[in-house]
Amino acid sequence: MTSLKLWLTADAPDSLWQAQAGQAYAISRNFARNPLAMLGAVIVGVLVLVAIFAPWLAPYSPTGQNLSMRLMPPSAENWLGTDELGRDILSRIIHGSRITLLIVVMVAVISAPLGLIIGAVAGYFGGWTDRILMAVTDVFLSLPKLIMALAFVAALGAGLQNAIIAIAVTAWPAYARIARAETLTFRNSEFIAAVQLQGASHMRVIGLHVLPLCISSTIIRVTLDMAGIILTAAGLGFLGLGAQPPLPEWGAMISRGRSFILDQWWVATMPGLAIIIISLGFCFLGDGLRDVLDPRQRDGR
Amino acid sequence: MSTPLLQLRNLRVTFPSPRGPVEVVKGVSFDLGRERLGIVGESGSGKSLTGRSLLRLLKPPAHVTMDKLIFDGMDIPSLSERQMRAVRGARISLVMQDPKYSLNPVMTIGVQIAEALRLHENLPRREIHARVCDMLQQVRIDDPEHVMKLYPHQVSGGMGQRVMIAMMLIPQPDILIADEPTSALDVSVQAQVLHLIEQMILKNGMGLILISHDLELVARYCDRVLVMRQGEVVEELAADQLHAAQHPYTKGLLAAVPRMDETREVLPVMDRAEVYET
Amino acid sequence: MSAALNIENLFVRYGRIDVVKDVSFSVAKGESYALVGESGSGKSTILRAIVGMAPDVRGTVEIDGAERATYRDLEFARHCQMVFQDPYASLHPRRIVDATLQEPLKIHGISGGSAKVAEMMDAVGLDQRFRYRFPHQLSGGQRQRVAIARALMLEPQLLLLDEPTSALDVSVQAEILNLLVRLRKDRGLTYLLVTHSLPVVSFLCDRLGVLRQGGMVEQVDVDVLRRGTFAKPYAQELYASSLGAGDRERQSGPSAAV
Numbered sequence: 001m002t003s004l005k006l007w008l009t010a011d012a013p014d015s016l017w018q019a020q021a022g023q024a025y026a027i028s029r030n031f032a033r034n035p036l037a038m039l040g041a042v043i044v045g046v047l048v049l050v051a052i053f054a055p056w057l058a059p060y061s062p063t064g065q066n067l068s069m070r071l072m073p074p075s076a077e078n079w080l081g082t083d084e085l086g087r088d089i090l091s092r093i094i095h096g097s098r099i100t101l102l103i104v105v106m107v108a109v110i111s112a113p114l115g116l117i118i119g120a121v122a123g124y125f126g127g128w129t130d131r132i133l134m135a136v137t138d139v140f141l142s143l144p145k146l147i148m149a150l151a152f153v154a155a156l157g158a159g160l161q162n163a164i165i166a167i168a169v170t171a172w173p174a175y176a177r178i179a180r181a182e183t184l185t186f187r188n189s190e191f192i193a194a195v196q197l198q199g200a201s202h203m204r205v206i207g208l209h210v211l212p213l214c215i216s217s218t219i220i221r222v223t224l225d226m227a228g229i230i231l232t233a234a235g236l237g238f239l240g241l242g243a244q245p246p247l248p249e250w251g252a253m254i255s256r257g258r259s260f261i262l263d264q265w266w267v268a269t270m271p272g273l274a275i276i277i278i279s280l281g282f283c284f285l286g287d288g289l290r291d292v293l294d295p296r297q298r299d300g301r
Numbered sequence: 001m002s003t004p005l006l007q008l009r010n011l012r013v014t015f016p017s018p019r020g021p022v023e024v025v026k027g028v029s030f031d032l033g034r035e036r037l038g039i040v041g042e043s044g045s046g047k048s049l050t051g052r053s054l055l056r057l058l059k060p061p062a063h064v065t066m067d068k069l070i071f072d073g074m075d076i077p078s079l080s081e082r083q084m085r086a087v088r089g090a091r092i093s094l095v096m097q098d099p100k101y102s103l104n105p106v107m108t109i110g111v112q113i114a115e116a117l118r119l120h121e122n123l124p125r126r127e128i129h130a131r132v133c134d135m136l137q138q139v140r141i142d143d144p145e146h147v148m149k150l151y152p153h154q155v156s157g158g159m160g161q162r163v164m165i166a167m168m169l170i171p172q173p174d175i176l177i178a179d180e181p182t183s184a185l186d187v188s189v190q191a192q193v194l195h196l197i198e199q200m201i202l203k204n205g206m207g208l209i210l211i212s213h214d215l216e217l218v219a220r221y222c223d224r225v226l227v228m229r230q231g232e233v234v235e236e237l238a239a240d241q242l243h244a245a246q247h248p249y250t251k252g253l254l255a256a257v258p259r260m261d262e263t264r265e266v267l268p269v270m271d272r273a274e275v276y277e278t
Numbered sequence: 001m002s003a004a005l006n007i008e009n010l011f012v013r014y015g016r017i018d019v020v021k022d023v024s025f026s027v028a029k030g031e032s033y034a035l036v037g038e039s040g041s042g043k044s045t046i047l048r049a050i051v052g053m054a055p056d057v058r059g060t061v062e063i064d065g066a067e068r069a070t071y072r073d074l075e076f077a078r079h080c081q082m083v084f085q086d087p088y089a090s091l092h093p094r095r096i097v098d099a100t101l102q103e104p105l106k107i108h109g110i111s112g113g114s115a116k117v118a119e120m121m122d123a124v125g126l127d128q129r130f131r132y133r134f135p136h137q138l139s140g141g142q143r144q145r146v147a148i149a150r151a152l153m154l155e156p157q158l159l160l161l162d163e164p165t166s167a168l169d170v171s172v173q174a175e176i177l178n179l180l181v182r183l184r185k186d187r188g189l190t191y192l193l194v195t196h197s198l199p200v201v202s203f204l205c206d207r208l209g210v211l212r213q214g215g216m217v218e219q220v221d222v223d224v225l226r227r228g229t230f231a232k233p234y235a236q237e238l239y240a241s242s243l244g245a246g247d248r249e250r251q252s253g254p255s256a257a258v
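For the record, the sequence lines run as chains A, B and C. To convert, note that position 213 of the first sequence is 213 in the UniProt record's numbering; the numbers rise steadily by one, no gaps. To convert, note that position 183 of the second sequence is 183 in the UniProt record's numbering; the numbers rise steadily by one, no gaps. To convert, note that position 224 of the third sequence is 224 in the UniProt record's numbering; the numbers rise steadily by one, no gaps.
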């Protein structure tokens, strides 16, 4: 154990692989010191595990109706109760985690690279390129997210795929802004000038030297945005524009539970709790990541 | 007069690291009267940390211990934070390296200097204005009324550093700690600023601690020089005895500086192996 | 024979102000030339103009007798490289030494990178164990060695040095200056050094030009600097204010009568 630790904290790594492992070790050590961040990581980790093993974890089928068991309160058989068609709410939430995770991951995979590249290109070239790209970004930023997502889904048609596309389209401008701001801080720095002087093409400078420096702040922002993405997805689901029945999407579940909120409170509350817990988890995780990844805070020592 | 103005015994500063605490200042002791003391060392020698420790400016994760720090009869380590604030600035002042970072960019120079005075003395507005004007004149700013209305970014580096000095000297402290006060300035301005500090010190009978990496410069403006290396004082010298230095490190430092009439083919360098291995 | 670098009537303009005004000088092959001046004298701007990183440049910049503009970027890069002032800002913070040194070779499609990196690290006196470190795991002197090694990877003939030692401790400065002298001797390099420190010029250079507010004040041999016999008052003034205490004693003492 101690020899592994010595290897990881070595001042003079013998290989690229050891250098990277050492970096990762230092970051995770700092991360582990922050209890809230750890809590966030655990929540997100549990979400991922639950999503992967949903069919084995869920006690019942998420779509199996049992009209004799309609609107049962939480009990030993149905821990979180049943809904108006007699489906087990716990099983639906467990299966719903797959949809939530799918939305979150797809949105991040689409919007983060898009925003990163647009922002880095704008910041790196400056001048007219910057003005045009940022004008487009500002147009998207100036519209409220949910409204714009609504408009897109209305145009594209309701459904899970279209909801993902709509949310991604509304999410990228924030990342473009961050990447641009980050790029501006070092576009005139000497290490960028040095690669330019070596004759590197603009593509190469942006791809290999500029983007890697923007990634950590984007990761932080994406993680913090996850909560917003989940809420937007739930909002679309609530309005019937996201995942379609009988898919167990959390927002749609709340929407259906709305009619019985006073007498059968658990139908709407349980998926609501799931949304809150996961959103909080992502927020804690993002905050923790910011503390360890932000170079301005790490350079101190 | 037998007890010195400031007495420091066995100052130690440690920082935590993944491999356990690292001691960066290892038992520094000195006395300071109303004289000019130079602390010289290279980066990592702990000279700036020493200066900051005197004002209790080091915050965690730095861990500071000392056997004794007595200033004018006061036991500094035992003072409350509030009492410490009355010492900082009013009794002991600190001038830092780059005026760009130590002046508030959104306050005019006049307001900032007045602020420094107002914190420590209760004076009517007109009196404050007169004192600020007078102080700016003392640091040889010709047109104080005009300069008072400027913002820090509107003045040159040399002027900024003079403003900093004015700000630090206006409460008439007993000790001025100058941490590399001129290394961000051009050579011609450097001499002016140092000369100014020297004059103010002599006139007001203050103690000066001049922290710098430049041995020759420190020797020119101080009475006594402490040479620090790796957190320890390796040699203490009278400034005019600099070229009679005994310690190999001091000698090495002196020899490594290129001279104006340089004819050596190779500059002597120190054996740094032991430094890097640690 | 054509000069390694020939600059005639160079003007550089930022906004509405000429920061470099009508500067001409020429550096012979294998020579080491210094531009000295205080901040605002335009000395660094001249370097930027030479490498094509200054915006509004007029005048002639000739390298090896050919106009700067006729060089393609890659060709110019193999001919002329620059070492920057601040070793803390000139290395990419997320790249290890090995990647930083291999990058120029990859850009130019040169093979055998790994061996060349090892060889170059030896040449600049960097131990192989620093090869996989990040910049923040290196000292200032080590970083500057990496920066010098990076500039030499493409085996250029002309090296532009922008205050290469001003951010370093004196003992480290001595090491880097020695290294620069040795590299020049071994590889027949031509240096153009920009600095505010006259003693560094005295050690490293053959000739120097004194700049003030964007204009050339005086160009002299380094012997003039060593004796302190500048013709122009400004140059003499700069000389007087940069004399160290030790120098001053030697100048005013009895031995100075020689």
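Ideal Cβ placement from N, Cα and C applies to all residues, glycine included. For clarity, every value in this text was computed on a predicted model and none was experimentally measured.
#### Entry: Unbroken alpha helix (DSSP H) run spanning C133 of chain B, endpoints
Annotation: the continuous alpha helix (DSSP H) that includes C133 of chain B extends over R125 to Q138.
### Query
Are the region 255 to 274 of chain B and the region 208 to 220 of chain C touching by the rule of at least three beta carbon pairs closer than 8 Å?
Too few Cβ pairs lie closer than 8 Å, so no.
### Query
What residues in the region 9 to 25 of chain B bring their beta carbon closer than 9 Å to a beta carbon of chain A?
Answer set for the region 9 to 25 of chain B: F15, P16, S17, P18 and R19.
### Task
Look at the Cβ atom of S217 of chain A, then the Cβ atom of E182 of chain A, and state whether they are nearer than 9 Å.
At the C-beta level, S217 of chain A and E182 of chain A come within 9 Å of one another.
### Task
Within its chain, find whatever has a CB closer than 7 Å to the CB of G251 of chain A; leave out the 5 residues flanking it on each side and keep chain order.
Hits under 7 Å: A233, A234, G235, L236, G237, F238 and G242.
### Query
Along the chain, where does the beta strand (DSSP E) that runs through K233 of chain B open and close?
The sequence given here has Val at residue 233 of chain B, not Lys. That run of the beta strand (DSSP E) goes E232 to A238.
### Task
Starting from A26 of chain A, find everything on chain B with Cβ-Cβ shorter than 8 Å and list it in chain order.
Taking the beta carbon of A26 of chain A as reference, the chain B residues within 8 Å of it are P18, listed in sequence order.
### Task
Please state if the CB of L67 of chain A and the CB of D83 of chain A are separated by a distance shorter than 9 Å.
Taking a C-beta distance under 9 Å as the contact criterion, D83 of chain A and L67 of chain A do not qualify as a contact pair.
#### Entry: Neighbouring residues, chain D, relative to R29 of chain A (Cβ below 8 Å)
As a matter of chain content, chain D is missing from the structure shown, whose protein chains are A, B and C.
### Query
Going along chain B in order, which residues have a C-beta closer than 8 Å to the C-beta of S44 of chain C?
Listed along chain B, no residue sits closer than 8 Å to S44 of chain C by beta-carbon distance, the nearest being about 14 Å off.
### Message
On a Cα-Cα basis, can you pick out the residue from A:F125, A:L208 and A:I43 that is closest to A99 of chain C?
### Response
Among A:F125, A:L208 and A:I43, the Cα nearest to that of A99 of chain C is on A:L208.
### Euclidean distance between Cα positions of L116 of chain A and A176 of chain A
L116 of chain A and A176 of chain A have their C-alpha atoms roughly 5 Å apart.
#### Entry: Residues near A21 of chain A by beta carbon distance below 7 Å, same chain, minus five either side
Its chain contains L8 as the residues whose beta carbon lies nearer than 7 Å to that of A21 of chain A, once the 5 sequence neighbours on both sides are disregarded; these appear in chain order.
### Message
Nearest by alpha-carbon distance to T190 of chain C: which of C:A3, C:L225, C:N6 and C:K29 is it?
### Response
The residue with the shortest Cα to Cα distance from T190 of chain C is C:K29.
### Query
Can the beta-carbon of Q81 of chain C be found closer than 9 Å to that of S44 of chain C?
With respect to the 9 Å criterion, Q81 of chain C and S44 of chain C are not classified as neighbours on the basis of their beta carbons.
### Task
Kindly indicate if chain C contains any beta-carbon less than 9 Å away from that of R162 of chain B.
Answer no: the Cβ-Cβ gap between R162 of chain B and chain C never drops below 9 Å.
### Message
If the criterion is Cβ atoms closer than 9 Å, does the pair L242 of chain B and L254 of chain B meet it?
### Response
A contact, by the Cβ cut-off of 9 Å.
### Task
Alpha carbon to alpha carbon, how far is R9 of chain B from I201 of chain B? Give it in angstroms, no decimals.
When the Cα atoms are used, I201 of chain B and R9 of chain B turn out to be separated by approximately 25 Å.
### Message
From the DSSP secondary-structure annotation, give me the bridge partner or partners of R212 of chain C.
### Response
DSSP output for R212 of chain C lists C:G215 as bridge partner(s).
### Task
With a cut-off of 8 Å on the beta carbons, I'd call L16 of chain A and Y132 of chain C a contact; round off their distance for me.
Between L16 of chain A and Y132 of chain C, the beta carbon gap of about 6 Å places them in contact (Cβ cut-off 8 Å).
### Task
Using a Cβ-Cβ cut-off of less than 7 Å, give me the residues of the region 21 to 34 of chain C that come near chain A, in sequence order.
Within the region 21 to 34 of chain C, no residue has a Cβ lying closer than 7 Å to any Cβ of chain A.
#### Entry: Where R95 of chain C falls: helix, strand or coil (DSSP)
It is coil, neither helix nor strand.
### Within-9 Å CB hit, T9 of chain A to chain B
The C-beta of T9 of chain A comes closer than 9 Å to at least one C-beta of chain B.
### Task
Ignore the nearest five residues each way along the sequence and tell me which others in F260 of chain A's own chain have a CB closer than 6 Å to its CB.
Shown here for F260 of chain A: same chain residues with a beta carbon closer than 6 Å to its own, the five before and five after excluded, namely V267 in chain order.
### Query
M164 of chain B by DSSP, collapsed to three states: which one?
Here M164 of chain B sits in helix by DSSP.
### Query
Roughly how many angstroms lie between the CA atoms of P164 of chain C and A166 of chain B, to the nearest whole one?
Cα to Cα, P164 of chain C sits roughly 33 Å from A166 of chain B.
### Message
With three or more beta-carbon pairs closer than 8 Å as the criterion, would you say the region 28 to 46 of chain B touches the region 282 to 290 of chain A?
### Response
No, the region 28 to 46 of chain B is not in contact with the region 282 to 290 of chain A.
### Query
Below 9 Å between beta carbons: does that hold for I220 of chain A and L293 of chain A?
Their beta carbons are under 9 Å apart, which means I220 of chain A touches L293 of chain A by this criterion.
### Task
List the residues that DSSP assigns as beta-bridge partners of A66 of chain C.
Note: A66 of chain C sits in a beta bridge opposite C:I63.
### Message
My output table needs one value for R88 of chain B: the three-state DSSP class, helix, strand or coil.
### Response
The answer is strand: DSSP assigns R88 of chain B an E or B state.
### Task
Could you pull the start and end residues of the beta strand (DSSP E) that S259 of chain A belongs to?
First-last for S259 of chain A: undefined, no H or E at that position.
#### Entry: Spatially closest choice to S41 of chain C from C:F11, C:D64, C:L126 and C:G52, by CA coordinates
Nearest option by C-alpha distance: C:F11.
### Message
Restricting to Cα atoms, I'd like to know which of C:L192, C:G188 and C:V146 is closest to M121 of chain C.
### Response
Ranking C:L192, C:G188 and C:V146 by Cα distance to M121 of chain C puts C:V146 first.
### Task
Could you tell me the distance, in whole angstroms, from the CA atom of M1 of chain B to the CA atom of S43 of chain B?
Bear in mind that a pLDDT of 47 at M1 of chain B, under 50, signals an unreliable position, so the model cannot answer this.
### Task
Check whether the region 176 to 191 of chain B touches the region 113 to 122 of chain B, taking contact to mean three or more Cβ pairs, one atom from each stretch, closer than 8 Å.
Short answer: they don't touch.
### Query
At what residues does the beta strand (DSSP E) containing A178 of chain B begin and finish?
Per DSSP, A178 of chain B belongs to the beta strand (DSSP E) from I175 to D179.
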